[in-house]
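Here the structure comes first, spelled out in structure tokens, and everything after it is commentary.
Laid out in structure tokens, this is it:
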């Protein structure tokens, strides 16, 4: 049925997005009402509002969408999702677009992929996230200048005992890494 | 009432105040918390933007670690709460996905039956399971005269409006009315704090934070109550930079709802992690409530 | 059990005139697609369905039988579909004694507005029966190896059936 | 003796022929099925030529049975039965096969569909051989009609019938007729005042010699069938003696208890504990609202009783059950308004200056709580800007997937009224503008000229959280202007929510009482969506107005009139023929076990104590056949659905499944006649 609809609409990108988003077939029902774009706290900064993106997905404008900043403006507040009159899982569509953009290296003018990578690397390594590690690595490699500005904040956090110098590792890290390895091997929805 | 407890990474260090106050308040309200042994990070939003299966598997490990005799799990951090819930639902609704996640868990000798564990947030446990009368009975230091702005943020009330209404939640409002506080109408109570945007685009993030602070000032709140480490960090730690950015002079204390709740229940501020916040809260608290009367306090 | 994908089960469907038959009509007017395996016979009410009809269908080579009526409480004849429900409960037990898998005999409710639901129920049943493979009951059941055990089981199963009725 | 069958397979243009090889089916039937003398396919069997063909064959080929493989019997069974009757063949010797709805339209694989079609035809052919000539049963049509619901649709139906000289019982749940239309101020697109066009009709109903008006009454029970229904009506206690009351209004004036009127004034106005909903109410007889009356609350007061000049107050009055006999029933039970609290992002109930469409109607109404002044909740401030939000609860799968059909025009009407009565700016926030009836588009054009703002976008939220000083004290409407592709925040003073029309909360149970069903959305199901919109699947029960689906006043009036016309047709005929599908008991064989007696919900089976046998009261039997299936001795027969017929149908439907044929079929893909026979002999 989904296959049929996407074929009829002749958009390979539409099918790709639907197949890689849980509950994605609801995209077919978009009324272009804009309650998503209206709800988005960062809607004003988006190159294309989610509604526009759905139109572009229908029009098979893959490159244009995946190089846009739209999904990177998404902070997962889920307002669009709960308000969508057509039950489109918009936030999850944004996650899907992020995954596709990262996978195909199309993400432009954003450090989000880097932040994500740094974060999950630490997670893979220790099983816990580690703010100082995250901050220092992320800023060092991505925005060294900003790091200086962060200095005072880091300091005040530190003096209040809100930043630790050593990462914490979970006991059974082996188990977690085995699970992650398996997941990588199976390959997730991208 | 016994619940499994998943503190989440932030509560370990950067938001230790939340952790200690959660434990202290829970104890007083007879909410028995049993920390999940060897839990791991939930991956925040970062794993989902890279690889869904890994994201779910990493999260599902925690669900799998919940002891069979327990069927409810409390996660005070909004991001953790949502991730745990989302994964459980995803596994339940998409059987194929559930199977693949379990295949991954198996690699670690674990397995999880979707729907076995009900993920809860402490606020809704206090509101629904403990209930009004039980809470009122425990109040030794009513918060009379204290004007609080309850801030719920996004990920506890959305996408599933299960813990509370997704548009205009009321459970924290109710709780603090029981505790004798003056709860201000806070229209942005469920709006976004910017999440990880503070790391990515300060102008964007700062604007979101500004809206929250401004609304609190407009409605003359003494302080903002949080139920998520990220929200607290953004509004508290970044407040001075927001001021710098917009030439504003906000000085709104932002603390965890459990901390102030603890005060009302008569706990010592020191036992509730006060002093860890960047914009100090004690001055306004003492101004409104007077210094903690040692006698009644525990 | 056979997973022979080429096997096309022959399923007989009994629909009541007021809800389920119209649901089937609606599925048609809405152009909802479902497998061709089910052949629908119209009766005025699911209460009209005599157990012999079902047994007869199996005897004549049906691989499965579906009964569809109005939702409980929505019967055009007040509550006759409850009678159908009871007969169904009893007949299901009896059929099991005769070595017929429960998947081969189903009772579904469909209001006149539920074309989609009826089509889904049919699609699902066809898939299940396809997995089970041919019944060819009339031919098989004579040599059915489990017949003795089945007969032994009848006694307490029958008791159960009675409880269902009570 | 062998029957002589005629098989007629319809192409229905390409509707059937597109997926089923109809020529093959006809050819095959002619060569495979016993006793078939003619087997034809034809483009449109239901056309006069098609029918003629059948009639001719019956005459020339001496057909004794006819099978028409075409569409659903619910569509054309009557047509082909008539054709048979024309050719002096008893109509009940004709059987239809539902090739279209049950086969071609639901299948894609032509080979499989054709095979299924063959089985269905075979089943019908086997069944028809056992069918018996039957005579439909004539029933006199009671000329009295019951109309349920006193809104505009019900009023229209009532007057059409009453003016034609037939008696009508009009039952209305609330104290007065008038329905929602009585609450409106203006009506689109002509803007004539609602009261001005409605109240004359209302009083006409009130005074009409052929109308028995039963307000503050509810339909409790319907029994019987077309032509002769028996209905029970509960006349709720008004605590006012209708005969004595002159409607002078002193009781209301003197009643000390004032309560908020959530019904007629949509919560914006007040009424007394004893009240008539509005000045032009029909009848002008007040009711006492027990919930708010001091007497019923504390056993004190009785002011109304003391002061009534005609002693019409009857505080000891009780509900009355009235039993009526009618020939037909028209349901015009209307709709209710969506509860906008279910969409908290719009702040209704939380932000005082957010109004519902019904509240706004009352604000505009000259007879309303503000005498027609459009003001904020405070009752005095005139808004400087008003936002009107479309599709609140409509076109939203979380609530109602359907379009409520009237909101676009109502919103335009509101816009016009604001522009006319105030200096305010007006914004319409719409998804799609749907002014699609006579004069509607023109009205839209008019509003474009009058200066209403149109923003294409579903509003995301209405909030009092300000971002700029300019927004202080305003309601901010946050929306994506989808035509600009940009987020906008528009500060306004007043927000009007165009709430959806929903089915009445009890529509379903109520429908069941009358034996009719609801769509998934909860609207009553018409007999045919295009060709028979006011009839239902149950003969003698008709529907009109919004209870059948969202529609505006003109459309409701049309349906009211249409339903009345259908009823007049029935009455004019005098008698209706009802299907002779009833059960009968062979008294000689009946053992008198009485198992069947309690099975019948219509108590159509009586036990003859003398003869010790059960007997079916034909007039009461509705033909469900449950007793037939239950009779242990098998001596109850269900006409037109007897065991022989159904068993034959089963055998036919499985003609290709019988194990006896297994090997044979392996050899020949086309079984010869005797194989087909042996398949059946398995029965």
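Chains as they are written, first to last, in this note's numbering: chain A, 41 to 230; chain B, 3 to 300; chain C, 71 to 236; chain D, 1417 to 2099.
Even glycine gets a Cβ: it sits at the ideal position worked out from N, Cα and C.
All values reported here derive from a predicted model rather than from experimental measurement.
Should residue i go down as buried or exposed, given a rule of 16 or more other Cβ atoms within 10 Å for buried?
{"i": "residue 23 of chain A", "result": "Past the boundaries of the shown model lies residue 23 of chain A; chain A is included only from 41 to 230, so the question cannot be answered."}
{"i": "residue 253 of chain B", "result": "exposed"}
{"i": "residue 1795 of chain D", "result": "exposed"}
{"i": "residue 1430 of chain D", "result": "exposed"}
{"i": "residue 2019 of chain D", "result": "exposed"}
{"i": "residue 212 of chain C", "result": "Legend: pLDDT at residue 212 of chain C = 45, less than 50; position of this residue unreliable, value from coordinates given subsequently. Result: exposed."}
{"i": "residue 1695 of chain D", "result": "exposed"}
{"i": "residue 68 of chain B", "result": "buried"}
{"i": "residue 1527 of chain D", "result": "exposed"}
{"i": "residue 1961 of chain D", "result": "buried"}
{"i": "residue 223 of chain A", "result": "buried"}
Assuming residue i and residue j are in contact, meaning their beta carbons sit under 8 Å apart, how far apart are those beta carbons, in whole angstroms?
{"i": "residue 128 of chain B", "j": "residue 177 of chain B", "result": "6 Å"}
{"i": "residue 1508 of chain D", "j": "residue 2056 of chain D", "result": "6 Å"}
{"i": "residue 1759 of chain D", "j": "residue 1802 of chain D", "result": "About 19 Å; that fails the 8 Å criterion."}
{"i": "residue 61 of chain A", "j": "residue 115 of chain A", "result": "18 Å between Cβ atoms; not a contact."}
{"i": "residue 1719 of chain D", "j": "residue 1672 of chain D", "result": "6 Å"}
{"i": "residue 1562 of chain D", "j": "residue 1745 of chain D", "result": "5 Å"}
{"i": "residue 1959 of chain D", "j": "residue 1931 of chain D", "result": "Contact doesn't hold; Cβ gap of about 12 Å is too wide."}
{"i": "residue 180 of chain A", "j": "residue 187 of chain A", "result": "6 Å"}
Starting from residue i, follow the beta strand (DSSP E) in both directions and report where the run begins and ends.
{"i": "residue 1677 of chain D", "result": "1674-1677"}
{"i": "residue 91 of chain C", "result": "Counting along the chain, residue 91 of chain C falls outside any beta strand (DSSP E), though it belongs to the alpha helix (DSSP H) covering 90-99."}
{"i": "residue 1512 of chain D", "result": "1510-1514"}
{"i": "residue 1685 of chain D", "result": "1685-1688"}
{"i": "residue 2031 of chain D", "result": "2029-2032"}
{"i": "residue 1955 of chain D", "result": "Looking at the DSSP string, residue 1955 of chain D is not in any beta strand (DSSP E), and its letter there is neither H nor E."}
At what residues does the alpha helix (DSSP H) containing residue i begin and finish?
{"i": "residue 1861 of chain D", "result": "1856-1866"}
{"i": "residue 77 of chain A", "result": "75-79"}
{"i": "residue 163 of chain C", "result": "150-167"}
{"i": "residue 2001 of chain D", "result": "Note, residue 2001 of chain D: premise wrong, no alpha helix (DSSP H); beta strand (DSSP E) at 1999-2001."}
{"i": "residue 61 of chain B", "result": "54-67"}
{"i": "residue 2061 of chain D", "result": "2059-2069"}
{"i": "residue 130 of chain A", "result": "130-143"}
{"i": "residue 57 of chain A", "result": "52-59"}
Check the DSSP bridge columns for residue i and list the partner residues they point to.
{"i": "residue 1633 of chain D", "result": "D:1651"}
{"i": "residue 83 of chain C", "result": "C:110, C:136"}
{"i": "residue 37 of chain B", "result": "B:7"}
{"i": "residue 1971 of chain D", "result": "Paired residue(s): none; residue 1971 of chain D is not in a bridge."}
{"i": "residue 1554 of chain D", "result": "D:1993"}
{"i": "residue 123 of chain B", "result": "According to DSSP, residue 123 of chain B bridges with nothing at all."}
{"i": "residue 2054 of chain D", "result": "D:1999"}
{"i": "residue 1948 of chain D", "result": "D:1944"}
{"i": "residue 1794 of chain D", "result": "Answer is none; residue 1794 of chain D lacks a bridge partner."}
{"i": "residue 151 of chain B", "result": "B:226"}
{"i": "residue 1844 of chain D", "result": "D:1804, D:1870"}
Any alpha helix (DSSP H) of 4 or more consecutive residues that is wholly inside the stretch 1715-1751 of chain D: Taking only runs of at least 4 residues, the alpha helix (DSSP H) segments lying wholly in the stretch 1715-1751 of chain D are 1719-1723.
Segments assigned alpha helix (DSSP H), at least 4 residues, entirely inside the stretch 193-234 of chain B: Correct list: 199-202, 204-220.
Secondary structure, alpha helix (DSSP H): runs of 4+ residues fully inside the stretch 1847-1931 of chain D: Those alpha helix (DSSP H) runs which fall completely within the stretch 1847-1931 of chain D and span 4+ residues are 1856-1866, 1923-1929.
Alpha helix (DSSP H) segments (min. 4 residues) lying fully within the stretch 1438-1501 of chain D: Taking only runs of at least 4 residues, the alpha helix (DSSP H) segments lying wholly in the stretch 1438-1501 of chain D are 1438-1448, 1464-1476.
Continuous alpha helix (DSSP H) assignments of at least 4 residues falling wholly in the stretch 258-290 of chain B: Every alpha helix (DSSP H) stretch that sits fully inside the stretch 258-290 of chain B and reaches 4 residues is listed by chain position as 259-266.
Every unbroken alpha helix (DSSP H) inside the stretch 1551-1629 of chain D [4 residues or more]: Every unbroken stretch of the alpha helix (DSSP H) spanning 4 or more residues and falling wholly within the stretch 1551-1629 of chain D is given here in chain order: 1568-1579, 1610-1623.
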